[in-house]
Structures are given as C-alpha cells and as structure tokens.
Amino acid sequence: YNFDDVEWKAYNYWTTSFQMSKSLFPPRWFDEFSVGATFKYLRGTDYWGLGRTDACFQVSDTTINAEGIFEYRSSSAGDGIGLDLGIAGWLRPINAYAGLTIGNLIGTINWSSVRVEEVRFARHRGVDLDSITRADYWERFFNKTDTTYWAGSFTSPLPRYLLLTAFRPNVYLDGQGDVFVSIYQALNKAPGYSTVPKLSVGTELRRFRNFTLQADIALGGIEGFELGAGFSVGIKGFRSNLYGSWQRGVLGGAKGFSVMLVNSYCLPQKGAVSGVQVAEPAARKPPEPEKVSVPVEKEKIRPLPEQPTAPTPPKGMTALMMADIGAEEMDPDQRLCRKEFYPFETDPVFFAQVDNEKYDQFLRDAAVIRGVVLLAKRIAAVVEGRDKKLMKSYRLRKRKPYITGDSPFHKFCVEYLAPSLQRTKDLISSGSELSRSIRNDFQGKNARKLPRVIKGVNGSVKRLKQAQQELPELIDRLCGKK
C-alpha cells in the first residue's frame, strides 16, 4: 500500500462581503442585463490537514514492513480575499431571469503561525497474535518518533466554481410562488466539494410580505442526493435565512445533514432603501426677496375632503391619483373620494416617466386605463354587495345598468368607462409599436434607461390586454350595452 497520494484537510472561516452591480445595454435575447461583483474579506479561524506524506505498507503472511512520514499542519489564524463575478438579465427565449456566476475567481486564505507535527514510523517484524488484544502492544507496535515545530505560513485556495441559474417569478398561487433551476460545477479541488456537476430544482413561496418559504431537491455533487427546506425573515434591510438539508437519504435514512444560517443587511443609501429613510442634507436657502403687497381677488377654493392615500411610489415612479381619471371634473362635490370607492389604497397604480414624450404619454395613458378598471370594479362591488345606504346616496340600482342618469357616476360612465375599451385597443397597438423601437429610441447616454423602459412598456401592454378582457363585462353591468 502506497500512501503518497493521501490528502486530507479541513478549515473554518467567516466572510465579510461588499456587493455592487451595474445595469448595461441589453444584448440580443435580453430585455434587462446587468453585471455584478462581490468583494470578500476572509478571516480563517481553524485549519487542520495533512502536509507531506511518504509512507508505504507491505503485508505478508508473517511480516509487516511499514515505513514512512506523516506531516500534520494546524493553524488558528488566517486571512485572505475573494472575488465573485456575475452577469444576469431577463432572457426572452425562456421568459425568465438567467444568471451566470464565477465564484471565488480570486480566493485564497493565508494561514499564519502554522504548527507542524511530523510523525516518523517503521516496523519490520511479524505480528504476535497472542498480544493483539492488549493496548500496550499497539502502543509499541511501531517504532515512532514525533517532532513538532513552527513553519511560518502557507496558502490554501478556496473552492472555485461556475454557477448557472434560471429563475421564473410568479409561477403559481396567484403570483406568490417562484421556481428556480441551477447547475453547479466546481472548478478545483477543495474540502467538502466535488468536481461532479450538481443540478438543483426548487421553489420559493412569498405568501407573506416579510416571510418566505423555500424547498429544493438536488442530484450530483459530493452529496449525490440532497433534499432541503428553509425559510427567511426580513425587516427593514435585515434578512435572516435558515436552511437545512438531508444528504444521501431522507430523515432517519440520511447519511448526512447540514444546517446553514445566513444573515445579511443592506446598507441604506441616499433616499429610501428597504424601508429605511435617510434624511437629505438641508439646502442653503437663498435670501428671500422683499415682499410687495398686491391686492388680488381671492379665488374660492373648495376644500377637498380627507381621502385615503396611495402608498409612496418606488424611486423613479409616479402614483396615479383620482384626479388622473377625472374624479374632480366629473364629481365636483368630491363624493367619489369615499373609502368605498377609492381603489388606490389597496391597489396602487404606479407608472414610470422616462423623459421621452411619446413613452411618458403611453405609460401614463395605460395607467389611467388601469385606474378606470379599478374604480369600475369598486362601483360594481358596492351594488353587488347590496349596500343600500350607499346605493341610495349615489343613485345606483340593482339591475343593469347600475348607474342611472342622475348618479354622480354618470359622467364617469359616459366619458371614461364606455370609451375606454376602444382606447385600450389603440394603446395595445401603440405599445406593440413602441416595444419594437425602444432600442433605437434609447441610445448613447439614454441607454441606461433601457431596462426600465422595456419593463414599463411590456408590463403596461400586458395589463392593457387584461383590461381588454375585463372591460366589456364592466361596461355592460355599469353603463349598459351601447
């Protein structure tokens, strides 16, 4: 037996990382595209492993000839750096997000204060069968000498790997369930890793706002078979993920079990990030001009009633308001702003503005159609919910059409809801034309807006097609067939 190629090592370390990403002009087949990098500082806490091995055993019927050297290395202090690189984007052919990561492209730990224990042994005699049950016999079995010394430092590489992923959101349970597939390929030998490819398929359920459930199954790799599940909790930028998995079996039949706990925190940036508000520095005010009193006729302004408010729109987005769907002009008494008819508190409508007139107009008009549909659904819900007090106050009736000529909703029905079906068809056609010209209209310094424009236009067209299916029935119920 020759032990020259025996390898064994294990180490522990913790990582502090900094991530950054940048959106780029999408290449062919992509609607969105970005590149990213993760810079890591590694702090090693423990290392154990075999260094030099030079040993040989020869066994015959009566004699054991054994001679060799084993060198054990250990350390409790090390540090290093790591770098991950990746690309990701929305890939049209598979209608999903796809990403490619090269992990630990740079990744080493330099161990210091290394303790080396060198063991030399030899035996060129037979075996005393009458003594093999005695402990002191095995203590004297080899002629052994131990030597311990300090060997300065050495470097160990981290596992380098290639990770290909595909992620499709909103697949099931009314858009609350996501599905992902990944292929992991190790590129070097490292403790706990195998160069055998590993295929994983899993799902994530986002039933609640700050709580998700995950489950996956994997084949290949060092585990051979793996079944895992976990959950994550996030609060204002902080997220904690707990995950466990069985390997080479399930429950009591498993040959291994692992647990992983990952905590992360997103540093707040300028403005609002992950619900954390950051105050803007106060700007220096210019000196106020001298006030000159000019007599003017005071205009009578009708005080608006207090109304529910829509959630704050994300950065770069604008929230649709009741005024955008003609609530003020068709209802001068402002009675439409009652809670029962105000749709944007529970179903906010946001639209992007990209500093291009034709795109801004399309995105706003598509949002208005969405607002008209939501308001129509609220009116229908009041009638079908048999709220007699509201129906009497707003002159709504039980049979079709729900809206009568003296109802405050009559103008909404005639001037907004009824014509919206044809307007929706026209917008779908306009959106399809815009989607084909986006790449030509956003070039040079405007190319950075491309991912947001593509997402906005495609999302608006999708919602318009949904409205096209809902509007005929709403118009029939509220306004009557025209």
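The opening position of the sequence shown corresponds to residue 557 in the working numbering, with each subsequent residue numbered one higher.
Note that the Cβ used here is the ideal one computed from N, Cα and C, for glycine as well.
On a predicted model such as this, the values are computed, not experimentally measured, just so you know.
Q. So, S631 versus R671, is the Cβ gap smaller than 8 Å?
A. yes
Q. Which of helix, strand or coil does DSSP assign to R765?
A. In this structure, R765 counts as coil in the three-state DSSP scheme.
Q: Could you check what DSSP says for S985 in three-state terms: helix, strand or coil?
A: helix
Q: Give me the Cα-Cα distance between N819 and N797, rounded to the nearest whole angstrom.
A: Taking the straight line from one Cα to the other gives about 6 Å.
Q: With a 10 Å radius around its C-beta and 16 neighbouring C-beta atoms as the bar for buried, classify Y740 as buried or exposed.
A: buried
Q: Starting from the Cα of W706, find the closest Cα among I791, Y898, E673, F723 and give me that residue.
A: E673
(Q) Check this for me: beta carbons of A633 and S579, under 8 Å apart or not? (A) no
Q. What number of angstroms, rounded off, separates the C-alpha of A644 from the C-alpha of L718?
A. Computed Cα separation, rounded: 14 Å.
Q. When burial is assigned at 16 or more other CB atoms within 10 Å of the CB, is M878 buried or exposed?
A. buried
Q: Mind checking who M576 pairs with in its DSSP beta bridge?
A: Residue pairing by DSSP puts M576 in a beta bridge opposite A593.
Q | Distance, Q770 Cα to A785 Cα | A | 5 Å
Q: Taking only the alpha-carbon atoms, compute the straight-line gap between S573 and Y597 and give it to the nearest angstrom.
A: The C-alpha of Y597 is placed about 6 Å away from the C-alpha of S573.
Q: Please list, in chain order, all residues of the same chain as S577 whose beta carbon is under 6 Å from its beta carbon, the five residues on each side excluded.
A: S590, G592
(Q) Let me check understanding here. Comparing Cα to Cα, which of A654, D772, F907 lies closest to K871? (A) F907
(Q) If I measure Cβ to Cβ from P725 and keep anything under 6 Å in the same chain, skipping five residues before and after, which residues do I get? (A) D734
Q | Alpha-carbon to alpha-carbon, F897 and G800 | A | 47 Å
Q: With a threshold of 16 other CB atoms inside 10 Å of the CB of E1029, please say whether the residue is buried or exposed.
A: exposed
Q: For F767, count neighbouring Cβ atoms within 10 angstroms of its own Cβ and tell me buried if that reaches 16, exposed if not.
A: exposed
Q | 7 Å Cβ shell around I662 - same chain, five flanking residues per side excluded | A | I637, G638, L639, listed in sequence order.
**Q.** V928 beta carbon less than 8 Å from that of I984
**A.** Taking C-beta atoms as the reference points, I984 and V928 fail to come closer than 8 Å.
Q) Does the count of Cβ pairs from the segment 902-921 and the segment 998-1012 closer than 8 Å reach three? A) yes
Q. Taking the Cβ atom as the reference point for each residue, do L755 and L729 lie within a distance shorter than 8 Å?
A. no
Q | Pair within 8 Å by beta-carbon distance, I935 and A974 | A | no
Q. Could you give the C-beta distance for W802 and L783, rounded to a whole number, given that I count them as a contact under 8 Å?
A. 5 Å
Q. Which residues in the same chain have their Cβ closer than 6 Å to the Cβ of D772, if we skip the five residues on either side of it in sequence?
A. S756, G758, G784
Q. What does a CB cutoff of less than 6 Å around F736 pick up in its chain, not counting 5 residues either side in sequence?
A. F723, G758
Q: Have a look at L807, E989, G790 and flag the residue whose alpha-carbon is nearest the alpha-carbon of R765.
A: G790
Q.
The alpha helix (DSSP H) that contains I1031, what's its start and end?
A. 1006-1034
Q: Determine which residues share a DSSP beta bridge with M816 and list them.
A: Y799
Q) Just how far apart, CA to CA, sit T868 and K945? A) Cα to Cα, T868 sits roughly 32 Å from K945.
Q. How about G1015 and P957: do their beta carbons lie closer than 8 Å?
A. no
Q.
For L720, count the other beta carbons within 10 Å of its own beta carbon; 16 or more makes it buried, fewer makes it exposed. Which is it?
A. exposed
(Q) Using a Cβ-Cβ cutoff of less than 8 Å, which residues in the same chain neighbour S788 once the five nearest sequence positions on both sides are dropped? (A) F767, T768, Q770, R795, S796, N797, L798
Q) W646 and R599: beta carbons closer than 8 Å? A) Cβ distance not < 8 Å, so W646 and R599 don't count as in contact.
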